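This report refers to the structure that appears directly beneath it.
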Amino acid sequence: MFNAVFFHDCFQNYDLNSTIMFLSHAMPFSVGRHADLVTIPLPRALDNVLHYATLGGKAVIVVHFYRHFTIFSVALYRQRVREARKTLQDFVQLHPNVKVIIRGPHAVYQSHKVVTMVGDASVSSYRHVWKEEFVGLEDNVWFLDLWDLSVAAENMFIHPVPVVATEMVKLLFGYMCEGEV
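Mapping to our numbering: the sequence shown position 75 is 84, numbers consecutive.
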């Protein structure tokens, strides 16, 4: 039987007054089941965040499309990013204490081994789409560009090795703790 989940358990630390929750929102081009995970549209994912977490205080939401997107045209990708922008713009207007971090892509050197990845040659164009489409929302929506980190570490597999993933998380927390978050 298919064991799909919408989110993992909430992890709460009352001493630090913090809650961490993983909620898989949809790939930019599909919604449904994949690898025992049910992806849902971004607006619904944000509604679930509100349902399961109290956002009266400060909160950070990390948005990262689930899977590579290089098999789609830049025009189609831009359309999906515009839809995400509208959703996130409405969300941060209703919840001004929330910061949204867009997690950028990482390098995949052996992408030829996976059918849904056709290489990283066009990733530069996709990175620019995020930056162009989110102009004006920089106070509440940040772009976490991890591309150079994964290239410098020579990411030889589909996902960064644990030490690189740890550095990515440290970078994320560094931005969160440095600003008004």
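Cβ coordinates follow ideal geometry from the N, Cα and C atoms, glycine included.
Treat the numbers as computed from the prediction; the structure is a model and nothing was measured.
Here M177 has L155 as same chain residues with Cβ atoms under 6 Å from its own Cβ, once five neighbours each way along the sequence are excluded. Around D148, the same chain offers no residue with a beta carbon nearer than 8 Å, after the five sequence neighbours per side are excluded. Ranked by how close their Cα comes to the Cα of F152, the residues T175, R94, V83 have R94 in first place. Collapsing the DSSP output to three states places V83 in a helix.
An exposed status is given to K179, since fewer than 16 other beta-carbon atoms sit within 10 Å of its beta-carbon. Counting only the Cα atoms, D24 lies some 40 Å from Y135. Residue burial annotation: L55 is buried, with at least 16 other C-beta atoms found within 10 angstroms of its C-beta. In the three-state DSSP reduction, V170 falls in the coil class, being neither helix nor strand.
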